[in-house]
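Colleague:
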Amino acid sequence: MKQLIASIFHEHRGCYGYRRIHCELQKRGLKFSGKTVRKLMQQLGLKSPVRLKKYRSYRGNMGLAAENILQRQFKAEAPCEKWVTDITEFRAGGQKLYLSPILDLFNGEIVAWETACRPTEELVKRMLNKGLESLAEGEKPLLHSDQGWHYRIKSYQSDLADKGLVQSMSRKGNCLDNAVMENFFGHLKEEIYYRRDYRSVEELENAVNEYITYWNQKRIKLSLGGL
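Residue numbers (UniProt numbering): 1 to 227.
Below, the structure is given as structure tokens:
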């Protein structure tokens, strides 16, 4: 039973609380009370974002902010030379959804992305791992971000250093230092978010994933002159 609950929870990126998991179990013909589901989730350490009144940012083992090595030099001569990343927030169905992508400055491709209902350390780590897995041998891009706490956690910085990646950070409070990433978020929200009402974060998440796939396969080719 615990294994099934955990599977449903992770399948929906941690967006399902005990009530929705209880409903899903009922759809599958399993008769358990909501209290039982909540108790089992507590034992598993699975917390519903619905019950969290305010997200508390991690303030644990933090490293220093990196220098702004990118210096708004947004042109790259080759793939996997310069990467940028950030997190953006959406709202749908009374809940929040966070998107954490990595964008390659060579052609604007989103080389890795993750979504979740909370902007946690784990969200950024999953994204980073996907990005690292996409690299060929010898590729060591510069990775630029803002000075958010996610990017200053020592384990995150160690992962970059272990793979030979150089970390760069925007100056504090200066969004123009990461303008290309902000521009991507602007396109995404203008084209699929502001123009439509989403009934749930699951529906929104699907739309985000579809848009990024479209961006990588079609939109980038248009921006490169149809190549």
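All residues carry an ideal CB built from backbone N, CA and C; glycine is no exception.
Quick caveat: nothing in here was measured; it's all calculated off a predicted structure.
1) Measuring alpha carbon to alpha carbon, tell me which residue in N209, E205, R219 and K218 is nearest G93.
2) Below 7 Å CB to CB, which residues in the same chain sit around E97 once its five sequence neighbours on both sides are set aside?
3) To which residues does DSSP link P101 through a beta bridge?
4) Please name the residue in S168, N129, P141 and C80 whose C-alpha comes closest to that of G148.
5) Using a 10 Å radius around the Cβ and a threshold of 16 neighbouring Cβ atoms, would you call L176 buried or exposed?
6) Could you check the C-alpha separation between I21 and K189 for me, to the nearest Å?
7) I want to know whether the stretch 180-194 touches the stretch 153-161 - three or more CB-CB distances under 8 Å.
8) Based on Cα-Cα distance, which residue from Y18, A65 and L25 lies nearest to L46?
9) Specify the secondary structure class of I153 as computed by DSSP and reduced to three states.
10) Grouping DSSP H, G and I as helix and E and B as strand, with all else coil, what is Y55?
Modeller: In terms of the structure at hand:
1) E205
2) For the record, residue 97 in the displayed sequence is Leu; it is not Glu. Correct list, in chain order: F90, T115, C117, V201, L204 and E205.
3) W113
4) S168
5) exposed
6) 29 Å
7) no
8) Y18
9) strand
10) Its pLDDT being 47, under 50, Y55 is placed unreliably by the model, and the measurement read from it follows with that caveat. Y55: coil per DSSP, three-state reduction.
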